[in-house]
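Okay, so the first sequence: first residue is 4 according to our numbering, each after it adds one. Notes follow once the structure below has been shown.
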Amino acid sequence: MKDIDEQLKELFMEAVKAVAAKRGVELPEGFDIFLERPRRPELGDWATTVAMQLAKTFGERPFDLANEIISNLPQNPHVEHIAVAGPGFINISLTREWEASLLREILSSPEEYGRSDLGGGRRVQVEFVSANPTGPLHVGHGRGAAVGDVTANILAMAGWRVEREYYINDAGLQMELLGRSVQSRYFELLGEPEKAPFPEDGYKGDYTYDLARGIIEAEGDRFLKVRLEESLPAFITRSAREILKWIKKDLDDFRVHFDVWYSEKALYEKNLVDETISFLRNRGYTYEKDGALWFRSTAFGDEKDRVLIRSNGSPTYFASDVAYHKDKFDRGFDMVVDVWGADHHGYIPRMKAAVQALGRSPDDLKILLIQLVNLFSGEGQVSMSKRSGEFVTLRQVIDEVGVDATRYFFLMRRCDSPLDFDLELAKRASLENPVFYVQYACARINSIFREAASRGVCLPPVEALDIASLGTAEERKLIKTLSTFPEEVEGAAGELAPHRLVNFAYQLAGDFHVFYNANRVLGAGESLEQSRLLLVRATQLVLEKTLGLLGISIPERM
RNA sequence: GCGCCCGUAGCUCAACGGGAUAGAGCAACGGACUUCUAAUCCGUAGGUUGUGGGUUCGAGUCCCGCCGGGCGCGCCA
């Protein structure tokens, strides 16, 4: 069945065209019908403001135009009532039979419900986390991990073919610094600290000792006798490999899985950086100045040009990043989503410029900025500083508050606004904690079916649904919220805004709690009981589906 | 100094492309368990959407100024 909002759009488009033809008026270029939900539910299920938008073009009062549009509207079996309200709103109410068909659709093909063809089978890559393998993941990475993962889930639901990718920044100076830090720990542990002084700005976390111990275990003290520069690559490689193992384990436990782990080193090994620079040079987007090679990013709206190759001959990080993005598009992705820390926002214009130089639209690259996570524990703010090595790791947080609550908190706010994360609150099993509120709804639903089973009552067949019997305000509200799921998924996909789905889950759980408190399911009388059981089942399917997208588990009981 | 983002109830936040009477939760107060789980529900109170202009049928949303906060402005990554 075609979505009801699509059907309504077509009806109104026909009506508007008919009116336009009668009046001999030309519709504005690219005119489209925009449907919205009335703010007050008693006004109807849908509303449109076409009459107000077109009043000027038609030279008529919005109110009169609205009435004219209505009288030209083709019939539709799902439409119960249409009325003009206020200055020219057109409000539409749908039939109860439409509600019934919606519930039947959810019950009979839950897999399909909420799925859309927005992506049209196009390929999208979501690249996220991408932390240097220089230390364990901290909470900021965790937020990016949750946002990237759920964004990918949502895009898949909206008809995109999705790949998740982690870009391993394993080629830069930071890796060298890590190697030297661990090397210094190695000498220190073996009693010769003076031979390998700890580097300035080195990585100070305790984990560097763990890494050094691991190397001692595997290699003994043989590096003591080797020149530092000679053994450094071994320290870098071994440390990076080990840290990457930790990172994979953390992400795995956080229910985040990648299709591709892409190494920055591989970019160089495949010569893609040089190739990309040649590509830009051949198209005249580069020039030499002060002994360096520059990219003319100002030609694409950046505020200044950017260096690709330093005067000392080595490529910049930006150069490898352009090569990386070229490779993404060369791999056939129609859209590329990057999830970055918000402190990188100044980097966006040059990256968008690069994408254009590569011959793509700047809109083919979407960038999600992840704002800071402020950790609180009760009263005090937990300080975070990579410099001192005393940052809070993702591991610590999920061990302390659990994966469900951590994911929920990371996802509940729009990702570009800073997040206050109260560890005490997230752990607390109380009404202040929204995770439990949502999960509790699942547990209650399960307990209804458990109790039903113990009474010998099974889930009735879909045909047993009698929509007329589901007439209480709480039932109507619950059905209405269920009906918004597809548009919520589409909205979240279109805006790349996973937090909207968290709000939906909370809303649906709330509507269920209200329903539950006001309406008894079991023992309500045979026909009503059956219809309510089906409504509860539909709620369960949609709620579990939403939590599935969010990567939050569904408790049997609480 | 320049650029980007933000400012909504005491607190944390919603408000989908400009739409109708700006919504939730927490905190406060008062109520509801003989019931499928009270980790729930119902009610009360709480607002000049930082501020001053502008655009229009209509502005929390768009434009300009100001105030306050965050971030960025490397041949770092």
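Glycine residues also receive a C-beta, built at the ideal position from the N, C-alpha and C atoms.
Mark Ala221 as exposed unless 16 or more other C-beta atoms lie within 10 angstroms of its C-beta, in which case mark it buried. exposed
For Ala512, which residues in the same chain have their Cβ closer than 7 Å to its Cβ, ignoring the five residues on either side in sequence? Tyr440, Val441, Ala444, Leu546
With DSSP collapsed to three states, give me the class of Thr240. helix
Are Leu38 and Asn79 closer than 8 Å when you measure CB to CB? no
What's the call for Gly316, buried or exposed, on a 16-neighbour Cβ count within 10 Å? Gly316 counts as exposed, since fewer than 16 other beta carbons sit within 10 angstroms of its beta carbon.
When the distance is taken between beta carbons, is Gly143 closer than 8 Å to Leu375? yes
For His260, which three-state DSSP category applies? Residue state, collapsed to three classes: coil.
From Leu552 to Leu499, what distance separates their C-alpha atoms? 13 Å
Contact belief for Ala429 with Ala408 at Cβ below 8 Å, rounded distance in angstroms: 4 Å
Is there contact between the segment 175-183 and the segment 219-239, where contact requires at least three CB pairs shorter than 8 Å? Yes, the segment 175-183 touches the segment 219-239.
Quick one: measure Cβ to Cβ for Gln554 and Arg410, integer angstroms, because I've assumed they're closer than 8 Å. The sequence shown places Gly at residue 554, rather than the Gln named in the question. Going by Cβ atoms, the distance from Gly554 to Arg410 rounds to 5 Å, so yes, they are a contact pair.
What residue does the alpha helix (DSSP H) around Ala567 start on, and which one ends it? The question about residue 567 has no answer, for the chain in this structure spans 4 to 561.
Taking the alpha-carbon positions, what's the Ser450 to Ala467 distance? Computed Cα separation, rounded: 22 Å.
Looking at the structure shown, is Ala88 part of a helix, part of a strand, or coil, going by DSSP? strand
Please classify Trp49: does DSSP put it in a helix, a strand, or coil? strand
Cutting at 7 Å between CB atoms, please list the residues of its own chain near Ser96, excluding the five before and the five after it. Gly47, Asp48, Glu83, His84
If you pair each beta-carbon of the segment 467-480 with each one of the segment 94-114, do three or more pairs fall below 8 Å? Touching, per the Cβ criterion.
Roughly how many angstroms lie between the CA atoms of Lys12 and Asp6, to the nearest whole one? Each residue's alpha carbon lies about 10 Å from the other.
Delimiting residues of the beta strand (DSSP E) encompassing Lys228: First-last for Lys228: undefined, no H or E at that position.
Taking only runs of the alpha helix (DSSP H) that begin and end inside the segment 171-212, which ones reach a length of at least 4 residues, in chain order? Those alpha helix (DSSP H) runs which fall completely within the segment 171-212 and span 4+ residues are 176-192.
In this structure, what does DSSP give as the bridge partners for Gln359? Its beta-bridge partners do not exist; DSSP assigns none.
Would you decide whether Arg453 is buried or exposed? Buried here means 16 or more other CB atoms lie within 10 Å of its CB. exposed
Relative to the C-alpha of Phe66, which candidate in Ala54, Glu191, Ile401 has its C-alpha closest? Ala54
Pair within 8 Å by beta-carbon distance, Gly73 and Val87: At residue 73 the sequence reads Ile, which differs from the Gly that was named. Less than 8 Å divides the Cβ of Ile73 from the Cβ of Val87.
Let me check one thing: in DSSP terms, what residues is Ser534 bridge-paired to? Bridge partners of Ser534: none, in fact.
Are there 16 or more other CB atoms within 10 angstroms of the CB of Leu525, so buried, or fewer, so exposed? exposed
Go ahead and pull the three-state DSSP assignment for Gln56. Correct three-state label for Gln56: helix.
What number of angstroms, rounded off, separates the C-alpha of Asp346 from the C-alpha of Gly27? 54 Å
If we call anything under 8 Å between Cβ atoms a contact, is Ser323 one with Glu267? yes
Tell me whether Gln442 sits in a helix, a strand or coil according to DSSP, three-state version. Correct three-state label for Gln442: helix.
Host beta strand (DSSP E) of Leu422 (start-end): Counting along the chain, the beta strand (DSSP E) containing Leu422 begins and ends at 422-425.
Span separating the alpha-carbon of Ser457 from that of Gln533: 16 Å
Thinking just about the alpha-carbon of each residue, which of Leu30, Ile36, Ala21 is nearest to the one in Glu9? Ile36
Alpha carbon to alpha carbon, what distance is there between Leu536 and Val465? 10 Å
According to the neighbour-count rule (16 or more other Cβ atoms, all chains shown, within 10 Å of its Cβ), is Val539 buried or exposed? buried
Please list, in chain order, all residues of the same chain as Ser521 whose beta carbon is under 6 Å from its beta carbon, the five residues on each side excluded. It is worth fixing the name first, because residue 521 is Ala in this sequence and not Ser. Taking C-beta separations shorter than 6 Å and ignoring five residues to either side along the sequence, the partners of Ala521 in its chain run Glu477, following chain order.
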